[in-house]
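As given, the protein sequences belong to chains A and B, one line each in that order.
No gaps in the numbering here: position 376 of the first sequence is 376 in the working numbering, and each next residue is one more.
No gaps in the numbering here: position 112 of the second sequence is 1112 in the working numbering, and each next residue is one more.
Glycine residues also receive a C-beta, built at the ideal position from the N, C-alpha and C atoms.
Following: one structure in C-alpha cells, then a few remarks.
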Amino acid sequence: MGMLGLPFLTRMEGFSAKIYITEAAARIGQLMMEELICMNMEYRQFYGAEESSGPQWMKWEELELLPSALRKIALGEDGSELGGGCPCIAHVKDCISKVQTLRFGEEACYNGILIIKAFSSGLDIGACNWIISGAKGNIAYISGSNFASGHAMDFDYRAIQGSDLILYSDLSSLDSTEDIDQSSFSDDNNNWEELMNSLSNYDESVEEMEKLAFICSCAIDSVKAGGSVLIPINRVGVFLQLLEQIAIFMECSSLKIPIYIISSVAEELLAYTNTIPEWLCKQRQEKLFSGDPLFAHVKLIKEKKIHVFPAVHSPKLLMNWQEPCIVFSPHWSLRLGPTIHLLRRWSGDHNSLLVLENEVDAELAVLPFKPISMKVLQCSFLSGKKLQKVQPLLKILQPKLVLFPEEWRTHVSFSDVTSFSVSHYSENETIHIPSLKESAELEIAADIASKFQWRMLKQKKLNITRLKGRLFVNHGKHQLLPENEPGGSSQTRPFLHWGSPDPENLLAELSKMGINGSVERCMTDAESEDGFTVKVQDPEKSMIEVRAAVTVISAADKNLASRIVKAMENILEGI
Amino acid sequence: MAIDCLVLGAGQEVGKSCVVVTINGKRIMFDCGMHMAYNDHRQYPDFSRISKSCDFNNAIDCIVITHFHLDHIGALPYFTEICGYNGPIYMTYPTRALAPIMLEDYRKVLVDRRGEVEQFTSDHIAECMKKVIAVDLKQTVQVDKDLQIRAYYAGHVLGAAMFYAKVGDSAMVYTGDYNMTPDRHLGAARIDRLQLDLLITDFDFHGICLVFQFTFCKCYNSEIEYRNSLFIDYAAAVSDTVDYIIVSYLISLPCPEMEALAFGLRSTYATTVRDSKYAREREFLKAAASSVLHTAVASILSFVVIIVVHKCVAGGGKVLIPAFALGRAQELCILLDDYWERMNLRVPIYFSAVHNFDRSLIDAPGPCVLFATPGMLTGGFSLEVFKHWAPSEMNLITLPGYCLAGTIGNKLMSGNPTIELEGTKIDVRCQIHQLAFSPHTDGKGIMDLVKFLSPQHVILVHGEKPKMATLKERIQSELGIKCCDPANNESVCIPSTHYVKAGASDAFIRSCLNPNFQFLKSGSEEKSVSGSKCTEGTLPLWIKDERVAEGILVLEKSEKAKVVHQDELLLMLGEKRHEVQFAYCCPVNVDELEKFTTTSLTPTARMLRDPNKSSLIRLLVAKLSRKLSEGNIQDFGEHLQVESFHLSVCLKDTCPYRITNGLEDKPRTAFFCCTWSAADDKLARKIISAMENRDLVET
C-alpha cells in the first residue's frame, strides 16, 4: 500500500504534479485510506485529541506509517504540518480526484514527450512496475514483484524486457536473506524462455500456499481448543486468500465457527474485488469464463459462513457474536481499529491466537497489551523476488544499465555480468546516468524525404541534405512534418559554407562568368595574413574581400552580386 | 507501403463480418462472423481466399473479435477447430465470458430445435475459447515485435470494442458495431484521437442477434423486476453466472439505468455505486444533451409502439415482440413497463426464456405481451408463436426496424398476406407494426466518428450498398476523405504512412523549439483603437511564432542517418564556417530624407543643422518603416538592424565598400555602411533601393 502517504503530499499548497496510479490500486488505496481515517477518528473519540492525552508513542507510530521521504517533509519543513495530523476524508477525496488512473498496458502521455505505462508486478491487486519511455530511451522501475501470485495478475516481465535502464527497487526481501545458490543458473544459458520458466516455477506459489495452510491449521487448532483467532488485515490479496483457505479448512474439519470481518470498508472491498477479473491471475480469470465468482467469499457470505460488519459496536455484530470465532480486522499495527478491543479481550486467553506478518515488530506491537498469554504466530509472505533470482532475472530482462540499491551490493554481485552495466544508488543521493541514447529518434514524413537534395562530400564520404519542416512532439515521438505553406524558397541555395578560397581559383571561376578583376594582397591588418581582395572592374566596379572566415562582396548591382556569390559557392563547400 | 484489405464478409451486406487486413506484412482478421440467412456455404466467409493451401497459421498473425454477436463471432469455432487456425485470438474480457454461451446457445438451437447438422460441437467451442487472449480496454497489447493492438469502448453491447492496430508507422481502426449516442443501456463509444491511415467502419448497427440469448433475457427481465421492487428476491434466483456478469461489467458502465440495476442487485454495492454516481450522471447528461434530438425521436417512436401494443391488449389481443438487438429490446422493456405501471395495467408481459413460458400459454385465452426470439422470425420460439397468433386479427406482431432479405420478418414487411412455412400456408391476418426506432440509420454517428478520427481512408462494411452510397458520398464531399465500400471477396489497397527514421541531435531539437517570433505590422495605417491615442510605433502588431525546424541530414556509410544542427555539421567535418557577406556603402541625400520625414517628425529633428549619427538613423528608421512592409526594423541608436541587415553611419572618407563614385561632391550626402548575409539579400536590396529613392513610389 504505497499510496497511503499521498494525501499528505496532495494537501500541501502548490502541489501540482500529475499522479498516475493503476485503477485497482487507486480504488483499494482509497478504501484503505478511508478506513485509516475512520479508525483515527474513532481513536480520537476514545482518547481525545492526540496533543492532549494520547500516549506519546502513538504519534510516532503515525509517523512510522509514512514513507521516508514524506516523513522528512513532515518533520523537516514545518512542525505544524504534523499538528495537522492524519488527513481528513476531504483530503482523501481531493487526493483521489487528482489521480489519473490507468489500466495495465494503457499508455498515458505526459506533456507529449513521455509515455507512462503500468505493468503487473504480481505483488498485490493493482500493484505494478512502471515503464517510462521517451524519444531518448526508456526506463523501467521494478518494485516488489512476484512471479506466481494466487490472486493478482502475474509479474509481466515481457513488457519490461529490453528496457534501456532498469531502476531496481525491489527492496522488500532483504530480511529473508538466504544462501545464494547460483549454481542452478548457468551463465551460458542463452535460452531465456527456459530460464524464465525455471525462475517462475511453481515452488514459490506452492510455498505460499503451504504458509497459508499452516496459518489455517494453527487457527483451526486454536478454535478447537476454545480460543479465538485474530488476524489483522494487511495486504488485500493475502487477506482474500486466507479467507478462502480458512473456510475450506473449516469445511474439512466440519467446524461451525463464525468468521467475522470487522472493517468499515470490508463490504465494499469484498464486492469490488469480485468485479475486477482484468487485474487478477489466470486461474481467477478462468473462474469468470466458467461463470464462477472470482473469489470464494461471495459464496461464503451468501451461505452466512462469513459475516461482515462495519464496526465492533455494530448492533448486528453484538447480536450475532459467538465465541470462539475467527476475526479479520484492521489495523496490523495493533494501534488502531477493532484489533485493539479484541486484543484486550483475548490477550489473557492462552488458547487464542494472533496472526502477524513478519514485517511487523511483534515485540513492539504487542507491548501495550502485555502481559500476554495469547499465542502469537508470525508469518512472512513473499513481498518481492528472492535474492537468488535477482541476477538471473536481470539477465533475462536484457537492459543496458541497471541501477541497484547500494545496501544490496554485498548480497548480489554483478562481477561476472557483461551484458549490462550496473550502478548502485543509495537513499538521498543523486546519481547521474550517462545518456541512454546519443540522439533522439526523429520520424521524417515521406513528403519531406522525397524532396531531399543530396550533396555528396567527397573528402569525408558523406551525403548531406538540408532538412526543413515543422517539428511535432507528440505521444513521446518527434516527428518532422511538411511546412504548412512551403515558402517560395524552392531554389534552395546553400547558406552554410566552409573551406578556404584560393585567389587563383576564384579568379578562374569569376572569369568563367564573365567577371574580370585583379587580386590584391594589400591587407595591412595582421589578423588576415591569408586574406586577399579581388577588385573587379568589368562589367562593373565591385570588390570581393576574402578573409579567413568571411568573404565580403560589395557590388551595387544585384545581379552582379549574385553572380559573384555563385562563383564563391563553386569554390567553397557548402549546404 | 500499403494496407491491403480483403473483405470476406459484410461487404455491401449485413451478416458474417470478416475483414482480413495486411499492414506492412502483418495479417489480421477482424471478426469471424456467420450469415444467419443462409444454410449453405454462404453462411461462412470464404476462408480459402486467405490461403490457397489453407495454411492459416502462417497466413494470419491474429484474429480480433469486436463483440459476441453471431454475425461477428459465429464462424470462429469453425475456423479454429475445423479449418485449423491455432494462432492467437483477441477479444475483451466480457466478450470472452459471453461468447461461449452465445455460441453454445446457437449450436443448441440448430441441433435441438431445427434438427440440423451441427457445424461445430460443444468441445469445439471450448477448444476454440482456449486460444482466446482476453484484453482490457485501452490496454496496448504487443501481439509480436511489430504488431500492436488496442481495444476501445464501443458501447454496442456488453464487451463490444473497436480495435486499433498498428504495424510500423501504419495504423488503422476497425470499429465493429458501435454506438455514438448513449442510450438507456450503454454509454457512447469512446476512442482517442489517433493518426490513422484507415478506418473500417460498420454501417448498419442493427444488431441481428437472431438467437436471443436466454441468459440475457434474464438480465433484461431483472431490470423490470427491479423497477417493481421485486428485484432482490429475483436476483437470488438468477444463476451465478448472470449475477456475476451483471455486477462485473454493468456496474462499470456509465449509464444511470445500469447503475440503478447494480444498485438494486445487492445492497452491498450501494456504496460503490453511490460514490461515482454524481460524476457519471453529469457525464451522461453532457453526452445526452448533444444528442437530445436523437433521443427525443427515439422515445417518440417507442411511445408509438407502446400505444399500439396497449390498443391491441385492450382489445383482448396477444402481442408478439420478436426480440432483436439486445439494447433496443431492453429499452422497449423499460418503456413498456413504465407505461404498464402508470396505466395500472395487469396484462402479463412474458419473456419466453425466463418465465419458462409454457407452450400451453400460447393458446391460453386473454391478452398478453410476449418477447420471444429470434428477432426476424427465422425460426425458434418466435416463429412457433407466430404460427399460432398470426391468423387472428386481434393479435399484433411487431417487427424489428430491419429484417434480412429471405427471412419471414422481411416477407411480412413487404406485406405478404400468406406465408408458406414448412409446407403449410399461414394466413397472416394479425396487425403488423414495424419498430422504426433506431437512432443510427441517418449515419450521424458514423459521420461523427469519421470526423473525429480524420483517417486517410474509410472503408464501409456491414451495410447494404444503396444505403451506404449516400454516406460514402457525404464522407468524400463533406470531409474530403477517400471512402469505398467493397463487395465480398473484393480487395482494397490503400497507401499507408511511412516515416523515414533518423537520429536527431539535441542541438537540432533545441533549435527547433526555439521561439521564432515574427512581428508583422498590421496592414492598415489608421490610428486604430477608438479612444486611445496611438503614437508612432504603437500600431497593432501581428506576432507570429511559427517554429521552423531546419537542420542537416547526414548520411554516412554504414551508419544511421542523423539530423544535426548546422553548427554541429562543421564540428563533424572539422571545418570552420566561411561566411559570405555583402557590404555596400549607401549614399543618401539628407535633404531628401528630411523632406520625406518632416511630416511625421518633430521639429527638433529638423532643427539639427549638422545631424549626428543617431538622429540620422532615426530619420532613416522613420522612412524605412513606412516603406517596408516586412521585417522588423530595430533602432539601436548607433546602428539599425533588419534581420541580418546591419546599417551604420559611415564617416570614413574612403570606404572600401563605397562603390559608386561621384557622389562625394554632392552636398549633404550621408553615407550608410550596410552589411548583410547572403540569406537576406532580397530584403537588403529592397532596403537599399528604398534608401536611394530608386523605387520612386511614395505613399
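Leaving out five residues on either side along the sequence, give the residues of the same chain with a beta carbon under 6 Å from the beta carbon of residue i.
i	result
residue 245 of chain A	212 and 216
residue 137 of chain A	164, 436 and 437
residue 1138 of chain B	none
residue 348 of chain A	373
residue 1641 of chain B	1634
residue 1504 of chain B	1563
In terms of residue numbering, what span does the alpha helix (DSSP H) encompassing residue i cover?
i	result
residue 365 of chain A	362-366
residue 1067 of chain B	First-last for residue 1067 of chain B: undefined, no H or E at that position.
residue 561 of chain A	558-571
residue 405 of chain A	Where residue 405 of chain A is concerned, there is no enclosing alpha helix (DSSP H), although the beta strand (DSSP E) it sits in stretches over 401-405.
residue 388 of chain A	387-397
residue 45 of chain A	23-47
Does the distance from the CB of residue i to the CB of residue j come in under 8 Å?
i	j	result
residue 87 of chain A	residue 15 of chain A	no
residue 1461 of chain B	residue 105 of chain A	no
residue 101 of chain A	residue 22 of chain A	yes
residue 151 of chain A	residue 291 of chain A	no
residue 1021 of chain B	residue 1003 of chain B	yes
residue 262 of chain A	residue 309 of chain A	yes
residue 360 of chain A	residue 321 of chain A	no
residue 1071 of chain B	residue 1017 of chain B	yes
residue 531 of chain A	residue 546 of chain A	yes
residue 1657 of chain B	residue 1583 of chain B	yes
residue 1645 of chain B	residue 1673 of chain B	no
So what's residue i in DSSP terms, helix, strand or just coil?
i	result
residue 1080 of chain B	helix
residue 15 of chain A	coil
residue 1054 of chain B	coil
residue 1282 of chain B	With a pLDDT of only 38 at residue 1282 of chain B, under 50, the local geometry of the prediction cannot be trusted, and the value read off the model is given with reservation. The answer is helix: DSSP assigns residue 1282 of chain B an H, G or I state.
residue 429 of chain A	coil
residue 137 of chain A	strand
residue 1117 of chain B	coil
residue 1318 of chain B	strand
residue 511 of chain A	helix
residue 1685 of chain B	helix
residue 1149 of chain B	strand
residue 1340 of chain B	helix
residue 441 of chain A	strand
residue 1093 of chain B	helix
Residues in its own chain within less than 8 Å of residue i by CB, not counting five upstream and five downstream?
i	result
residue 114 of chain A	132, 133, 134 and 476
residue 369 of chain A	334, 343, 344 and 347
residue 222 of chain A	228, 229, 324, 351, 352, 353 and 375
Could you pull the start and end residues of the beta strand (DSSP E) that residue i belongs to?
i	result
residue 516 of chain A	516-520
residue 1589 of chain B	1579-1589
residue 130 of chain A	128-134
residue 1556 of chain B	1549-1556
Short of 7 Å in beta carbon distance, which residues of its chain neighbour residue i, apart from the five on each side in sequence? Order them along the chain.
i	result
residue 1616 of chain B	1649 and 1670
residue 1388 of chain B	1362 and 1363
residue 1077 of chain B	1103, 1120, 1124, 1125 and 1128
residue 143 of chain A	121, 129, 169 and 170
residue 1143 of chain B	1061, 1062, 1088 and 1149
residue 1034 of chain B	1016, 1043, 1044, 1070, 1071, 1074 and 1075
Using the beta-carbon of each residue, which ones in chain D are nearer than 8 Å to residue i?
i	result
residue 1549 of chain B	In the displayed structure, chain D is absent; the protein chains listed are A and B.
Identify every run of the beta strand (DSSP E) within the region 1415-1498 of chain B, keeping only runs that are complete inside it and at least 3 residues long; order them along the chain.
1418-1421, 1424-1427, 1431-1434, 1457-1461, 1482-1484 and 1491-1495
Quick check on the DSSP output: what are the complete beta strand (DSSP E) runs of length 3 or more inside the region 222-304 of chain A, in order along the chain?
229-232 and 259-262
Completely contained beta strand (DSSP E) runs for the region 298-362 of chain A, where each covers 3 or more residues:
306-309, 326-329 and 353-357
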